[in-house]
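Working notes, beginning with the structure itself.
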Amino acid sequence: MKKLYYLLLILILLTAASSCILNVGAPVEIQPPPVQTPQIPKVSRELDEAAKQLISEYFSILFTVPSVDIYTENTATGTIPESIVKYISEQTIKEGNGNPEIGIHLPRYISLNGMTIIGYDVVRLGKDSKPDVTAGFVGENGDNLIYFCKINAKVRAIPNETFEKSFLVQLDNTYLKKEEIFPTDIDGMRVEIRYDVELENTNGDLKIVKAIESNIKPGLKNRLFILNNESITRLPYIDISQTADGSIYNNPADGEIYEKEKGIIVNFFENLSLLDRTRMNLLSHKWTQGLDDVRGYWDSLGIAKDIELTEDYTTNFPYESLPLRFDMEKIKSVDNFNVVPHPAYSDKIKWYFVNFDAYVQKTNGITDEDYLYRYDYLVILSNESGSLVIEKIKLNEYYVIQNNG
């Protein structure tokens, strides 16, 4: 009986242990803590507008400078230029003026895409010539306000090799001009410059504590290194963006330039459609005779008025780049033009990508057939003679997009 009792007790203990083992494996779902969304600091609309106005005025003065060399001594000594002193806080003037490491960064020489910037001019928009400066509130540093700023400027630039010949680098990476720069060496580009600005707010009276380049490299010498260009980006030289309804250009002055240049390009290719198979055969002979014969023939067709024909006409206007190809009878019409500035477009480098459609009558044995072709060109304009003309064209490709039988 006693043995039976112990056996029963062992069975009960084994059953309980098995139950515990099975329960251990059951997963326990742990709820993650709720995500804490950081509170974004806010600034009143009135204070924000006042800050943006001050920043706009400050940078429009600072970056309207035909030559960076007027800031060379200020940069080397850390002296705040008189033109911007009124925008700077008393603390910054008292503690930083005369120190090269002051947190007031002035325009400097910067190498970008093989060109070195030597002067700046803030882009101005609309009839009221508002500086193209944008500032966004990003937070606070104690009681001070922090803004991230973008300055849109047109700059004067020269090739890097010309800069190296014309300027002498100092130990602190400032530069002294040793030779005058010829106007023919200067080109124009558009850039976006990025700054971080800290504002002191004393009872609504805003002053700049710091205005430093974004992505700063510590130390004056490192910042002034000519290849330190992380705070600047090249933009398209002309702004051809339009309002949402497409009625006007956001930058009317650039829009006017674009429409004039586009008009010359479109007119030229429309006139080229006059070259049917018969005229192309005549032109092929004149092409070998020389410049005067080609110019005279194109003048008679009204084609030469928008182009610059020189002794290099066979290179600048290759016969193979003319739209009517060997198996085509004539171009019936051209339309659907897409004229886009090339990324290298600048004040002097007026390059365009040009696409258009053309209905072409092809000669295919006995039967003439119509095809819709797409053409892709590179077109280069020149204004060196004082008159805007097409200097070069290059046919990149052409292909059929529709057969109308």
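Residue numbering for the sequence shown follows the numbering used here, starting at 384 and increasing by one per position. Glycine is no exception: its CB is placed at the ideal position from the N, C-alpha and C atoms.
In the DSSP assignment, R708 falls outside any alpha helix (DSSP H) and carries neither an H nor an E. Contact between the segment 608-628 and the segment 484-502 is present: three or more C-beta pairs spanning the two stretches fall below 8 Å. Scanning its chain for C-beta atoms nearer than 8 Å, with the 5 sequence neighbours on each side dropped, one finds around Q785 the residues Y754 and L755, in chain order.
Scanning its chain for C-beta atoms nearer than 6 Å, with the 5 sequence neighbours on each side dropped, one finds around I623 the residues Y641, in chain order. R577 places its beta carbon 8 Å or farther from that of L618. If you look at G638, you'll find it isn't in any beta strand (DSSP E); it sits in the alpha helix (DSSP H) that goes P635 to L655. Around the CB of E432, fewer than 16 other CB atoms lie within 10 Å, so the residue is classed as exposed. For Q625, same chain residues with a beta-carbon under 7 Å away, outside a window of 5 residues either side, are I631, Y632 and N633 in chain order. Secondary structure at V468: helix, using DSSP grouped into helix, strand and coil.
Boundaries of the beta strand (DSSP E) around F520: V516 to N524. Residue environment for E484: exposed (fewer than 16 other C-beta atoms within 10 angstroms of its C-beta).
Distances from the CA of E596 to each of V677, L764 and F442 were compared; the closest alpha carbon is that of F442.
The C-beta distance from G497 to N535 rounds to 21 Å, too long to meet the 8 Å contact threshold. Distance between L665 and Y696, taken at the CA atoms: about 17 Å.
Counted as a single uninterrupted DSSP element, the alpha helix (DSSP H) harbouring Q474 occupies residues E473 to G479. Here I467 is near L445, since their CB atoms are less than 8 Å apart. Boundaries of the alpha helix (DSSP H) around F546: N543 to S549.
Collapsing the DSSP output to three states places Y454 in a helix. Counting along the chain, N766 sits inside no alpha helix (DSSP H), nor does DSSP assign it H or E at all.
By the C-beta criterion, the segment 585-599 is judged not to be in contact with the segment 456-464, since fewer than 3 inter-stretch pairs fall below 8 Å. Look at I599 here: in three-state DSSP terms it is coil, with no helix or strand label. Across the structure, K669 and F739 are spaced so that their CA atoms are roughly 27 Å apart. Here I609 has Y492 and S494 as same chain residues with Cβ atoms under 6 Å from its own Cβ, once five neighbours each way along the sequence are excluded.
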